[in-house]
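Each step along the sequence shown adds one to the number in the UniProt record's numbering, with nothing skipped, and position 768 is 768. The beta carbon of each residue, even a glycine, is placed where N, CA and C say it ideally should be. Computed from a predicted structure; not experimentally measured. Below is one structure, written out as structure tokens; comments come after it.
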Amino acid sequence: MRNKIAEIELVMETIKNVPDIMCITEHWMTKDEIQFLNIQGFIVMSNFSREKYIHGGTCILVKEDIKDFEEVPYINEMSIEKEIEGSCIVSRNRKLVIMSIYRTCLGNVQIFFEQLDEILKRIDKEFTKYHIVICGDFNINLLGESQASYDLTDMMGSYNFEQTIKEPSRITKISKTLIDNIFVRNCNYWNNKNLNLLLSDHRAQIISVECNNFQNKKYLVERRLFTECKIQQLFNNLQDTTWQNVLDEMDPDRAYNRFSEILDLHVRIIFPKKRLCTANTTKAWITKGIRISSARKRIIWEELQKCKISCVYYKKYCSILKTVVEQAKIMSNRLYINTAENKIKATWNLVNNITKGKKDINGSILENFPNEDETKVLNKINSHYINVCGKNNVSLYSEPSIEPCVKSIFLNPVMEPEVYGYITRLKNKKSVGSDEIPVNILKNCASLIVTPLTHIMNQILTTGKYPQKLKEALVMPVYKKGDKANIQNYRPVALLSNVGKIFERIIFDKMINFFEKNRVIVEHQYGFRKKKSTINAIYQALVTIIKSLNQNQITAALCLDLSKAFDRVVHEILLAKLEKNGIRGIALELMRSYLIGRTQRVIGRGKNGDMRASESSRVEVGVPQGSILGPLLYIMYTNDLVQLTQSEVIMFADDTSLICKATNESDCEKILQDGLENLIEWYKMNNLELNIEKTKLIVFRKRKENIRLKYQGTQIGEVGSLSFLGIHVDQKLNWKEHIGKVATSIARQCYAIRLVSSTVGLSAALTAYHSYVQSKIRKNV
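So, in structure tokens, the structure goes:
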């Protein structure tokens, strides 16, 4: 370090974004030397230097203009030379902890893990609700399959830390290893990458983290309170409603409008919107007695300073108060869980509240554009979502060369008991569409609304006309990660009418029964079908691969990835394919009416807490996101894909994999290349787009086969392993990587279970274990 200060300053001048904080390992400086370390613009905030041995050491440098960090001294005290060396700083204002750790490759791994566990326990106890970043040179290769690598990821996962760096951090002529990494907890992060700064044989890791305070924000929002008492009042009012004007209307559009007007009127009168504060300003466990005892503790402390009481008395009082508070928390949490309808959900609401595992769902994308007009921002986002897939090109379409289905579907009318069953089987969700009617209203009033809904549904099936009001989607942008001011970092979530979901489910069941009865859907499709799942698809793929390898054939798999596949479906092409597959007459007109004329609006919460919406835009392409019919329509859109290749095709909705087996490399390569080119041409004709960066080739090797595939002159990357429908498959069908991934996933749940057991009790912890750990083990056995 002492010889590279000038080089570091030069690098700081040349890189685009100079980091605010630098964590350095192996500085090789003594305590006396590092006090005088001078890198322009930075100060040493925390460091560990060896006293018995030479080399090693860690330090953390902070920009001079950042004044709110201080050292966490006990991390230095807990460090052991050569085994685990650490330094740590904290900003209590930013709720941010940063730690730098070094472990020599010659150290005792067991001692390292034991001491790391003690450090993480203490950090977890003191900084539970803080953002935490741990940077380190662990000298444990996380790209390898060693016990140490599994132990490191499992331990970090058990404390709810996430690994951010996946690429090699040390590359030599003979090896690539990932021995340096950054682990984060409670952080939104981006720009996580390796940089070769040429300062050592290790690459530098850089990451950007967002560190907002975890204090509850207060949001004034307009909401309808659907209490049990109010729902009973609605039920009583609807008992006097005859619905005759709905039953007299033969046009489904007008019939639904009349139904909607009546129900909406009752809802607006009984459940008026109220402006509420979403932040919970008080804790249920903080009783009057605890408040008094807490105030008494300060008085006792002041008396201790005046030597009026003994230190023993003060410590005993603090110990008793601490026990009372812990028991009060446990009792309050148990009461919350025991009185909840969904006890598992209530348990994990508590866990997420403690760990802050969930993103702030009350926040709005509009908060990140404070100086812009809210409506203009929402219109801009809506335009982005509408145009993200570009324009469709129907003129390229050519009719698929598949055998048409001779039979045609007949849409039988439905009876009231059937519709009643569909209403009561709706999933219990709180989300609502533009009509603002939640599921619990529909379920509680099912016996009173089943007659008009049955009439409307039968008119839909008779006329082939789908109500226009049910074709509007509200799109809520949900933050993923990265820059919050970049709209591409938000995932659109569509909210549809819950009444529409009842109608869609009825149509879906009629169509899927027709398709399955007449064997219209190809056997290669495993998505959204009865008695088929990812397990069946995985089994078929593995059986094909193993049989081929046992026959000593060359075996390879090409896993294709499409960009926004559901959003690129061309309506006219889809309707032509549906007609060829037996959806004709009134049924085809119904599908046309369902698809054509759909609209969407983007919504977000404004500065005053009220919900703001963009202008309504017409959706010209794609199947409706969040709908029940959407997935079925998509698999029918791609139903003719399997005829384009000689390879075995495994499809699960938009996930498509080609498994090729041949006697020699050239034949295998030719089959895959021909199939890929045919599929690419088919994708172009059907307005779909291949994502070449995520399309991967894997060759299952018994020897050194060499297969090369190209797409528009670019070679498709061959990988040693990949994720296939939730399992991790490698070239030798070795399950070590998959077991490691499952173990890591389970380790992450250990942190939550530890919190549940300490704040709720062992019973809740056991419930959480069965739901989130044992279920994962059974799923992957």
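Have a look at residue i and residue j and give me their C-alpha separation to the nearest angstrom.
{"i": "Ala768", "j": "Lys125", "result": "21 Å"}
{"i": "Leu198", "j": "Ala204", "result": "9 Å"}
{"i": "residue 791", "j": "Lys469", "result": "With the chain covering 1 to 781 only, the question about residue 791 has no answer from this structure."}
{"i": "Arg258", "j": "Asn245", "result": "7 Å"}
{"i": "Ile43", "j": "Ser49", "result": "16 Å"}
{"i": "Arg298", "j": "Leu304", "result": "10 Å"}
{"i": "Asp201", "j": "Lys173", "result": "11 Å"}
{"i": "Asn686", "j": "Asn387", "result": "17 Å"}
{"i": "Ile538", "j": "Tyr150", "result": "25 Å"}
{"i": "Gly604", "j": "Asn371", "result": "15 Å"}
{"i": "Gln774", "j": "Gln147", "result": "22 Å"}
{"i": "Lys776", "j": "Met156", "result": "19 Å"}
{"i": "Ala613", "j": "Asn382", "result": "10 Å"}
{"i": "residue 783", "j": "Trp190", "result": "An answer regarding residue 783 cannot be provided, because it is not within the stretch 1 to 781 covered by the chain."}
{"i": "Asp253", "j": "Asp610", "result": "30 Å"}
{"i": "Met457", "j": "Val414", "result": "8 Å"}
{"i": "Thr128", "j": "Val520", "result": "55 Å"}
{"i": "Val406", "j": "Ala485", "result": "53 Å"}
{"i": "Ile84", "j": "Arg185", "result": "21 Å"}
{"i": "Gln540", "j": "Ile659", "result": "11 Å"}
With C-beta atoms as the reference, is residue i less than 8 Å away from residue j?
{"i": "Ile165", "j": "Ile182", "result": "yes"}
{"i": "Gln233", "j": "Ile262", "result": "no"}
{"i": "Leu247", "j": "His455", "result": "yes"}
{"i": "Ile437", "j": "Val267", "result": "yes"}
{"i": "Thr714", "j": "Ile692", "result": "yes"}
{"i": "Ile101", "j": "Phe138", "result": "yes"}
{"i": "Thr451", "j": "Trp243", "result": "yes"}
{"i": "Glu689", "j": "Arg568", "result": "yes"}
{"i": "Leu178", "j": "His131", "result": "no"}
{"i": "Gly57", "j": "Arg334", "result": "no"}
{"i": "Met45", "j": "Ile75", "result": "no"}
{"i": "Ala747", "j": "Ser158", "result": "yes"}
{"i": "Cys59", "j": "Ile39", "result": "no"}
Let me confirm a value: residue i is counted as buried when at least 16 other C-beta atoms fall within 10 Å, else exposed. Which label applies?
{"i": "Lys607", "result": "exposed"}
{"i": "Asp65", "result": "exposed"}
{"i": "Glu318", "result": "Per the sequence shown, the amino acid found at residue 318 is Cys instead of Glu. It is exposed - the Cβ of Cys318 has fewer than 16 other Cβ atoms within 10 Å."}
{"i": "Thr638", "result": "buried"}
{"i": "Lys359", "result": "Bear in mind that a pLDDT of 46 at Lys359, under 50, signals an unreliable position, so the number given afterwards is only what the model happens to contain. Classification for Lys359: exposed."}
{"i": "Asp180", "result": "buried"}
{"i": "Ser593", "result": "buried"}
{"i": "Thr227", "result": "exposed"}
{"i": "Gln215", "result": "Any reading at Gln215 must be qualified, since the residue scores a pLDDT of 47, below 50, and its modelled position is unreliable; the value itself is stated next. The residue in question, Gln215, is exposed, as its Cβ has fewer than 16 Cβ neighbours within 10 Å."}
{"i": "Trp301", "result": "exposed"}
What is the residue span of the beta strand (DSSP E) that residue i lies within?
{"i": "Glu648", "result": "648–652"}
{"i": "Thr58", "result": "58–63"}
{"i": "Ser46", "result": "42–48"}
{"i": "Ala613", "result": "611–613"}
{"i": "Asp137", "result": "131–137"}
{"i": "Gly421", "result": "Here Gly421 belongs to no beta strand (DSSP E); instead the alpha helix (DSSP H) covers 416–424."}
{"i": "Gly604", "result": "599–605"}
{"i": "Val209", "result": "204–210"}
{"i": "Trp190", "result": "188–195"}
{"i": "Val475", "result": "472–479"}
{"i": "Cys660", "result": "655–662"}
Starting from residue i, follow the alpha helix (DSSP H) in both directions and report where the run begins and ends.
{"i": "Gly500", "result": "498–517"}
{"i": "residue 790", "result": "Outside the shown range of the chain (1 to 781) lies residue 790, about which nothing can therefore be said."}
{"i": "Cys559", "result": "From DSSP, Cys559 is part of no alpha helix (DSSP H) but of the beta strand (DSSP E) over 554–560."}
{"i": "Arg254", "result": "252–270"}
{"i": "Lys329", "result": "311–338"}
{"i": "Val109", "result": "109–126"}
{"i": "Cys229", "result": "228–239"}
Taking 8 Å as the CB-CB limit, is residue i close to chain D?
{"i": "Arg296", "result": "The chain inventory of the structure shown lacks chain D, comprising one protein chain alone."}
Compute every distance between the C-beta of residue i and the non-hydrogen atoms of the ligand ZN, then say whether any falls below 7 Å.
{"i": "Pro413", "result": "No copy of the ligand ZN occurs in the structure displayed, which carries no ligand at all."}
Touching by the beta-carbon criterion (3+ pairs, under 8 Å), the region 554–565 and the region 331–345: no
query: Do the region 57–73 and the region 89–100 meet, that is, are 3 or more Cβ pairs less than 8 Å apart?
result: yes
- prompt: Does the region 640–656 come within contact of the region 674–693, defined as at least 3 CB pairs closer than 8 Å?
  reply: yes
The region 501–513 in contact with the region 417–432 per 3-pair CB rule at 8 Å: yes
query: If you pair each beta-carbon of the region 489–501 with each one of the region 461–477, do three or more pairs fall below 8 Å?
result: yes
task: Could you tell me whether the region 426–435 touches the region 545–558, where touching means 3 or more Cβ pairs closer than 8 Å?
output: no
- request: Check whether the region 529–546 touches the region 719–726, taking contact to mean three or more Cβ pairs, one atom from each stretch, closer than 8 Å.
  value: yes
contact_flag[the region 438–450, the region 574–582] where n(CB pairs < 8 Å) is 3 or more: no
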